[in-house]
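Start counting the first sequence at 32; every next residue gets the next number (our numbering).
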Amino acid sequence: MIRPELQRPTGTQDILAPQSWRFEKFRRIALDTAKAYGFDLIETPVFEQSAVFLKVGESTDIVQHERYAFTDVGGDDLTLRPEGTAAVARAYIQNGLYNEPKPLKVVYWGPMFRRERPQAERYRQHTQFGAELYGSEDPAADAEIILLACRVVERTGLKDPDVRINSIGCVDCRPAYRQALIEYYTERRAELCQDCQNRLEKNPLRLLDCKVDVVVRATAPDLSTFWCEACRTHIEAVTAAIGATGRAIRRDPFLVRGLDYYTRTVFEVGHPSLGPNTALFGGGRYDGLTGAMGGPESPAVGFGMGIERMLSALGTALTPDPQRGAYVANLPGFQTHAIAVAESLRGEGFAVDYDVMGRSLKAQLRDASRRAAVVVIIGGEEWERGVVEIKDFSSGEQQAIGRHDLGSYLRHHLERDSDGGTTA
RNA sequence: GUGGAUGUAGCUCAGCUGGUUAGAGCACCAGGUUGUGGCCCUGGGGGUCGGGGGUUCAAGUCCCCUCAUUCACCCCA
């Protein structure tokens, strides 16, 4: 392979067709679904003042160690956003969205940046679709968020998502659990892997995440025995609401999440095709975030969904059919006429292509057979008579028709297609 | 940040124990009719064998370094 001097940065990708169209198709489904669920679209900058993310992630790796941070020429300390929630929370506060009728329901779509070592289904720039619901403490809000995500998963065609949920408690009950966990693990410190020994110091809840010390973990204190009454009824109500829609959801007692602004509900969704540690989407409740960021206290829930992973789990689903329109070929000297005809047909909404290489008719036809369903040949004495030859590649049949009848011919022989190269 | 694997044409790969001008398939371009595609035939373009250094009479083939990719851990979507 040629090694150009200029290569894309590590962990990034060039998304070429047809994958690029799959992204677009997914985006359309996601946003249409969100709209039908009463969510509005919000777009925030891809970079923020670094403080926006630093404030919310004291023990969060993606904030602490994986930031793409830079100082611009004016001396501002900025960070490429590693996740959507903090950025949306900032926008929520700054735009006074807490004064809007409650609840506030928004979705976002865009690239996220984390300087990790790339591996399967993990990139330094990836795309996330996410939703946030502000203003409600009710379990129905948690359910609404999870249901939206599930619906998008279903509508894009993904089968058998593994939906797991847990509650990490609240300020009232979590401290006691945390203490119990520390005591339990401290007694068994010698049995722990190096990572867990570090976790014990930094973020004890994550001890539950470990895949190595499963033996120690098996007899660790269970979160559910520490839930306060409010937390217990909350997660039970969320679970019941999801279950009532006929969707499978199971409690995962070891599920905790990396972003440390979560309270109560946390959830994560995986898929058999991706391996146990690769989440398709995940999220939870974060009632304290806006307050911690200096805004009014607003309960909130949200999720973030990794599009690359979704598309990967989807296999070949969402792959658009190749564009099958018309190709306008020209005989020598008739290129100008061909362009005019092509543009006219395009104006009627047909997918139309033509030669821009000045090629022979033979070469044009070869190209046309790859790109189009039918070819229209412009030129010769037919053109003088107001007639064009039109050939259908699938049947090989060719006929002469009046050039003003082209539109009606194509209407009967082509699917009209103006949605950017995709056909459902 | 840690560990493993891999790097030969656009793509998928061959190149035996180091030995003349580095190959195949696919893809691309052209020709095989003066105005007609798909199949077939012929021809063509395209590689400083990731880069640098070393060993050797001789290296794509051996050694070292480096870069990149990839997989796992960490962490996460």
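We treat Cβ as the ideally placed atom computed from N, Cα and C, and that holds for glycine.
No experiment lies behind these values; they were computed from the predicted model shown.
First and last residue of the alpha helix (DSSP H) that includes residue 170? As a working mapping, residue 170 is identified with position 139 in the first sequence. Counting along the chain, the alpha helix (DSSP H) containing residue 170 begins and ends at 170-186.
From residue 357 to residue 426, what does the alpha carbon distance come to, in whole angstroms? Here the question's residue 357 lines up with position 326 in the first sequence. Here the question's residue 426 lines up with position 395 in the first sequence. One C-alpha to the other measures close to 15 angstroms.
DSSP state of residue 199 mapped onto helix, strand, coil: The count along the first sequence starts at 1 and reaches residue 199 at position 168. Coil at residue 199, not helix or strand.
Can you give me the Cβ contacts of residue 192 inside the same chain, cut-off strictly under 8 angstroms, excluding the 5 residues immediately before and after it? Mapped onto the first sequence, residue 192 falls at position 161. So the list reads 181, 184, 300, 301, 302, 311, once near-sequence residues are dropped.
Quick one: what does DSSP say residue 438 is sitting in, helix, strand or coil? Within the first sequence, numbered from 1, the residue matching residue 438 stands at position 407. Residue state, collapsed to three classes: helix.
Would the beta-carbon of residue 198 fall within 9 angstroms of that of residue 296? By one-based count along the first sequence, residue 198 stands at place 167. By one-based count along the first sequence, residue 296 stands at place 265. Yes, these two residues count as a Cβ contact at 9 angstroms.
If you follow the beta strand (DSSP E) that residue 361 is part of, which residue opens it and which one closes it? Within the first sequence, residue 361 is the residue found at index 330, counting from 1. From DSSP, the beta strand (DSSP E) with residue 361 extends over 356-361.
Taking 6 angstroms as the limit between beta carbons, can you name the residues of its chain near residue 86, skipping five residues before and five after? Position 55 of the first sequence, counted from the first residue, corresponds to residue 86. 324, listed in sequence order.
Residues bridged to residue 334 (per DSSP): Your numbering for residue 334 matches position 303 in the first sequence. Paired residues: 162, 314.
With which residues is residue 189 paired in a DSSP beta bridge? For the purposes of this step, residue 189 is identified with residue 158 of the first sequence, where counting begins at 1. Note: residue 189 sits in no beta bridge, so no partner.
Output the boundary residues of the alpha helix (DSSP H) element that contains residue 414. Here residue 414 corresponds to residue number 383 of the first sequence, with the count starting at 1. Residue 414 -> alpha helix (DSSP H) spans 411-415.
Here's the rule: buried if 16 or more other CB atoms are within 10 angstroms of the residue's CB, otherwise exposed. What is residue 379? Working through the first sequence from its first residue, we reach residue 379 at position 348. Result: exposed.
Look up residue 151 in the DSSP assignment and say whether it is helix, strand or coil. Working through the first sequence from its first residue, we reach residue 151 at position 120. Residue state, collapsed to three classes: coil.
Tell me the residue span of the beta strand (DSSP E) that contains residue 297. In the first sequence, residue 297 corresponds to position 266, counting from 1. Start and end: 294-301.
Grab the span of the beta strand (DSSP E) containing residue 142 for me, first residue to last. The residue given as residue 142 occupies position 111 in the first sequence. Where residue 142 is concerned, the enclosing beta strand (DSSP E) stretches over 135-144.
Can you tell me which of 337, 415, 316 puts its alpha carbon nearest to the alpha carbon of residue 365? For the purposes of this step, residue 365 is taken as residue 334 along the first sequence, with counting starting at 1. Of the candidates 337, 415, 316, the one whose C-alpha sits nearest the C-alpha of residue 365 is 415.
Neighbourhood of residue 424 by C-beta, 8 angstroms cutoff - its chain only, sequence neighbours within 5 removed: Counting from one through the first sequence, the residue named residue 424 turns up at place 393. 399, 400, 403, 404, 405, 406.
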